[in-house]
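Note that the protein sequences, when read in sequence, are chains A and B. Heads up: the first sequence begins at 0 in numbering that gives the first Met the number 0, then just goes up one per residue. Heads up: the second sequence begins at 0 in numbering that gives the first Met the number 0, then just goes up one per residue.
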Amino acid sequence: MNGIRRMWAVALKEFRQLARDRLTFAMVIGIPLILITLFGYAINMDVRNLRAGIADQAGTQTSRRLVADLTATQVIAPVRQAATADELERMLLGNEIVVGIFIPRDFERRLQDPNREAAQLLVDATDPLIPGIVSAVADMPFALREHGATQRMVPRTGRSQQGSLFSMRQFYNPEGRSAVMIVPGTIGVILTFTMVLFTSIAIVRERERGNLELLITTPVRSIELMLGKIIPYIFIGLLQVSLILSAAVFLFDVPLRGTLLDLYVASLAYVVAVLGFGLLISTIAKVQFQAFQLTFFLLLPSILLSGFIFPFDGMPQPAQYFAQALPLTHFIVLVRGILLKGAELADLLLPLQKLGILFVISMSLAMLRFRKRLD
Amino acid sequence: MGASAAIVTQNLSRRFGAVLAVDDLHLQVPEAQIYGFLGPNGSGKSTTFRMLCGLLKPTAGEVDVLGHRLPGDAERIRSLIGYMTQQFSLYRDLTVLENLQFMAQIQGLSRRERRDRVRHSLRAYRLERYRKRRAEHLSGGERQRLALAAALLHRPPLLLLDEPTSAVDPQTRRDFWDALFELINQGTTILVSTHYMDEAERCHRLAILDRGGLVAEGEPLELIGNIDATVIEITGADLKSLRETLSGLRGVWNLTQLGSRLHALLDPGTDRPVERVQGALANAGLQANVSIAEAGLEDVFVAATGKRPS
Ligand SMILES: Nc1ncnc2c1ncn2[C@@H]1O[C@H](COP(=O)(O)OP(=O)(O)O)[C@@H](O)[C@H]1O
Ligand SMILES: [Mg+2]
Numbered sequence: 000m001n002g003i004r005r006m007w008a009v010a011l012k013e014f015r016q017l018a019r020d021r022l023t024f025a026m027v028i029g030i031p032l033i034l035i036t037l038f039g040y041a042i043n044m045d046v047r048n049l050r051a052g053i054a055d056q057a058g059t060q061t062s063r064r065l066v067a068d069l070t071a072t073q074v075i076a077p078v079r080q081a082a083t084a085d086e087l088e089r090m091l092l093g094n095e096i097v098v099g100i101f102i103p104r105d106f107e108r109r110l111q112d113p114n115r116e117a118a119q120l121l122v123d124a125t126d127p128l129i130p131g132i133v134s135a136v137a138d139m140p141f142a143l144r145e146h147g148a149t150q151r152m153v154p155r156t157g158r159s160q161q162g163s164l165f166s167m168r169q170f171y172n173p174e175g176r177s178a179v180m181i182v183p184g185t186i187g188v189i190l191t192f193t194m195v196l197f198t199s200i201a202i203v204r205e206r207e208r209g210n211l212e213l214l215i216t217t218p219v220r221s222i223e224l225m226l227g228k229i230i231p232y233i234f235i236g237l238l239q240v241s242l243i244l245s246a247a248v249f250l251f252d253v254p255l256r257g258t259l260l261d262l263y264v265a266s267l268a269y270v271v272a273v274l275g276f277g278l279l280i281s282t283i284a285k286v287q288f289q290a291f292q293l294t295f296f297l298l299l300p301s302i303l304l305s306g307f308i309f310p311f312d313g314m315p316q317p318a319q320y321f322a323q324a325l326p327l328t329h330f331i332v333l334v335r336g337i338l339l340k341g342a343e344l345a346d347l348l349l350p351l352q353k354l355g356i357l358f359v360i361s362m363s364l365a366m367l368r369f370r371k372r373l374d
Numbered sequence: 000m001g002a003s004a005a006i007v008t009q010n011l012s013r014r015f016g017a018v019l020a021v022d023d024l025h026l027q028v029p030e031a032q033i034y035g036f037l038g039p040n041g042s043g044k045s046t047t048f049r050m051l052c053g054l055l056k057p058t059a060g061e062v063d064v065l066g067h068r069l070p071g072d073a074e075r076i077r078s079l080i081g082y083m084t085q086q087f088s089l090y091r092d093l094t095v096l097e098n099l100q101f102m103a104q105i106q107g108l109s110r111r112e113r114r115d116r117v118r119h120s121l122r123a124y125r126l127e128r129y130r131k132r133r134a135e136h137l138s139g140g141e142r143q144r145l146a147l148a149a150a151l152l153h154r155p156p157l158l159l160l161d162e163p164t165s166a167v168d169p170q171t172r173r174d175f176w177d178a179l180f181e182l183i184n185q186g187t188t189i190l191v192s193t194h195y196m197d198e199a200e201r202c203h204r205l206a207i208l209d210r211g212g213l214v215a216e217g218e219p220l221e222l223i224g225n226i227d228a229t230v231i232e233i234t235g236a237d238l239k240s241l242r243e244t245l246s247g248l249r250g251v252w253n254l255t256q257l258g259s260r261l262h263a264l265l266d267p268g269t270d271r272p273v274e275r276v277q278g279a280l281a282n283a284g285l286q287a288n289v290s291i292a293e294a295g296l297e298d299v300f301v302a303a304t305g306k307r308p309s
């Protein structure tokens, strides 16, 4: 009874301080909006306008037609003309272009010969995405197809000369829009960032300002202090979910196929799990700057290993095991399931349970680490 | 010491790495009295307070506070002590009223008690006018009254005040001490650290600390009476030369200028001190009046903590 009263006292105090701290309050609203806009627009896998250099030594009607067709896809945008393949290479080296299209003098003759490539694409493979995109473009059915030219243009794709064997059917995101793939996970990334950041400084700040020395001489218990500190952030987390979700639906046309209630329940589970991690960091860090560093220490693997960017199933086993300890891994499954596939929580009990387990573990560790002492 | 002891420490020590912050402290703090800790910065006052609150674990020794052994029983004494930290440690971004309400809730007071006591302390510590003001916008004295009011909300029988008056003017200090004597009348035991002599003189008992160790302990008058030094007063025209001459003299521990007088602390073993000083000054061709003077607490402090020639 007294315990609950004390916990609420801490929560109320935290609420008041938060409402008064303009900077933090601006971050509560600002960070999600800025990040969702950045992620939604900038992490764009629908790559367009790759800078291309053209060396058309053939100069025939067919070769000009090929260039025009490639340009029409809007994936490449010719920005440079070159005379030779060497010149294209120099342009690649100088980052003037990222794709070079080389059409040899005997282009027409090569087109007739099924054993030789008719033209060459030079691709800057230092960017992980560009080669795949370009080869996809090269495989597109251009008007030249009747000549059987395009399949043979790309020397090293290793694909069948007969064209693609499989037809691909894309589920849930048939247009292949990257906003639909990226934005739901972004909710999780943003929450990790803001929630962990806010709570990780929560106890460190009291220590730095000297409040803790007084607080721990009172009868308040560790668990009351910890829970009281995270309660306001649960509300803030759900507020942020609403903000990001509105942006996702209205700005990026992300579908909401499941129910809103399921989504909020999943978000709640996720928010408390990351808050637990934030508190744990707060009990480890000595000063706010360390809390900051540790927050990024958690954020980076979350972004890389959770399946947010790279497919989870494609990761090596050890990485997959490690990723189980990251709340974002489970939230990605939940949020993509609910938003995009229209799944219900009943279908997603496992990731929900795992979030619960992570919350219990992180809170317990935080409590074990937190001593009502200064040494 | 008639009354029973609120705090007893034995062999209490605390080490921070190479620094021995508190060195083998034996203390008995009687109930319902004001017990002072007098010592320069770094003498271990705050560290001792923190060990008495259970905030720091002693490196060695034993602590008994109100019948509870520390640090094991630390949670038991939480509601029995009021602690005013050296630095203001309430929330600067909360108002006076919010701070008091928060502390009342944290202390687990009922709704009624909270309302009554917060109202009472606003009145008793003249904070009513500032109830809506944030703590960061209070003056030093107001902030200190707020901290004291907050430390007393749960009516603790033991109050620990760590340099409570270091940032306030003399009048505010006097008012503050009047408030402390009120509390003593109600049976509260108060432990207060200070480096002001006038405050130290007002304590019932006093412990003088230096570099972590206890160098003197007792009632102020007792300490003055038992001073381990001879105090000499010198007046003359050329104080600067007098001072230079005396500072080289063997057996002179310390020289302090008080306006147009010189105050000298001499080794108590000095034979016929007045004559000795007069002789030394005459040898240097200096004119001066030399007499035995009454010691003050400051002299006790200097004698106990000042550097003695080996
Ligand atoms: N947390 C700490 N870590 C390291 N040294 C400390 C710590 N706290 C105090 N000290 C050292 O212990 C000594 C006593 O400090 P303190 O108790 O604060 O003295 P006082 O309160 O009398 O000024 C000082 O030398 C101080 O530097
Ligand atoms: Mg101190």
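All C-beta atoms, glycine included, are put in the ideal place defined by N, C-alpha and C. Computed from a predicted model, the values in this text were never measured in an experiment.
> Of the residues Asp72/B, Leu121/B, Ser192/B, Gly212/B, which one's Cα is nearest the Cα of His203/B?
Replying inline: Ser192/B
>> Quick check on Thr269/B: does DSSP put it in helix, strand or coil?
In response: coil
> Assuming Val122/A contacts Arg50/A under a Cβ cut-off of 8 Å, what Cβ separation, rounded to an integer in Å, is found between them?
Replying inline: Wrong, their Cβ atoms sit about 12 Å apart, outside the cutoff.
> In its own chain, which residues sit with a C-beta less than 8 Å from the C-beta of Pro308/B, not counting the 5 before and 5 after it?
Replying inline: Confidence at Pro308/B is low in this model, with a pLDDT of 39, below 50, so the placement of that residue should be treated as unreliable; the coordinate-derived value is given next. So the list reads Arg249, Trp252, once near-sequence residues are dropped.
> Terminal residues of the continuous alpha helix (DSSP H) containing Ile229/A?
Replying inline: 221-251
>> Which residue wins for smallest C-alpha separation from Asp168/B, given the options Thr187/B, Gln143/B, Asp266/B?
In response: Gln143/B
>> For Val97/A, would you say it is in contact with chain B, using Cβ-to-Cβ distances shorter than 8 Å as the test?
In response: no
>> Once DSSP output is grouped into helix, strand and coil, what is the label at Ala303/B?
In response: helix
>> Using only the alpha-carbon positions, how far apart do Met6/A and Val214/B sit?
In response: 44 Å
> How many whole angstroms separate the CB atoms of Leu37/B and His194/B, which I take to be in contact at a CB cut-off of 8 Å?
Replying inline: 7 Å
>> Just to make sure I have the definition right: I need the residues of chain B whose C-beta is within less than 8 Å of the C-beta of Ile280/A. Which are they?
In response: Going along chain B, no residue has its Cβ under 8 Å from Ile280/A, so there is no contact; the nearest lies around 22 Å.
> In terms of residues, what are the limits of the beta strand (DSSP E) holding Arg79/A?
Replying inline: 75-80
> Three-state secondary structure (DSSP) at Gln319/A?
Replying inline: helix
> Any heavy atom of ligand 1 closer than 7 Å to the Cβ of Val191/B?
Replying inline: no
>> Does the beta-carbon of Thr46/B, which I'm using as the reference point, lie nearer than 7 Å to any heavy atom of ligand 1?
In response: yes
>> Let me confirm a value: Gln161/A is counted as buried when at least 16 other C-beta atoms fall within 10 Å, else exposed. Which label applies?
In response: With a pLDDT of 38 at Gln161/A, under the threshold of 50, the modelled position of this residue cannot be trusted; read the value that follows with caution. Gln161/A is exposed by the Cβ-count criterion.
>> Please report the straight-line C-alpha distance between Thr84/B and Val27/A, rounded to a whole angstrom.
In response: 33 Å
> By Cβ distance, which residues of its chain are closer than 7 Å to Val289/B, with the 5 residues on each side in sequence left out?
Replying inline: Ile231, Ile233, Val273, Val276, Gln277
>> Looking at chain A, is there any beta carbon in it that lies within less than 8 Å of the beta carbon of Gly107/B?
In response: yes
>> Let me check you understand the geometry: is the CB of Asp374/A closer than 7 Å to at least one non-hydrogen atom of ligand 2?
In response: no
> Using 8 Å as the threshold, is the stretch 21-36 of chain B in touch with the stretch 302-322 of chain A, meaning 3 or more CB pairs across them?
Replying inline: no
> Does Thr84/B come within less than 8 Å of chain A when only Cβ atoms are used?
Replying inline: yes
> Run through DSSP, which three-state label would Pro219/B get?
Replying inline: helix
>> Please give me, in chain order, every unbroken run of the beta strand (DSSP E) with length at least 3 that falls completely inside the stretch 85-120 of chain A.
In response: 98-102
> Mapping DSSP to helix, strand and coil, what is Thr58/B?
Replying inline: coil
> Hey, would you say the C-beta of Ser88/B is under 7 Å away from at least one heavy atom of ligand 1?
Replying inline: no
>> Any heavy atom of ligand 1 closer than 7 Å to the beta-carbon of Phe15/B?
In response: yes
> From Arg118/B to Ala148/B, what distance separates their C-alpha atoms?
Replying inline: 11 Å
> Should Gly43/B be counted as a contact of ligand 1 given a C-beta to heavy atom distance under 7 Å?
Replying inline: yes
> Nearest CA to the CA of Ala281/B: which residue from Ala303/B, Leu69/B, Ser240/B, Leu220/B?
Replying inline: Ser240/B
>> Closest to Ala201/A by C-alpha separation, out of Ile283/A, Arg109/A, Thr125/A, Val240/A, would be which residue?
In response: Ile283/A
>> Tell me which residue opens and which closes the beta strand (DSSP E) that Val7/B is part of.
In response: 4-15
> Got a sec, what are the start and stop residues for the alpha helix (DSSP H) Tyr269/A sits in?
Replying inline: 259-283
>> Under 7 Å: does the beta carbon of Gly81/B sit that close to some heavy atom of ligand 4?
In response: By its list of ligands, the structure shown excludes ligand 4, since it contains just ligand 1 and ligand 2.
> If you measure from the CB of Asp209/B, is any heavy atom of ligand 2 nearer than 7 Å?
Replying inline: no
>> So, for Arg14/B: in the same chain, excluding its five sequence neighbours on each side, which residues have a beta-carbon less than 8 Å away from its beta-carbon?
In response: Ala20, Thr58
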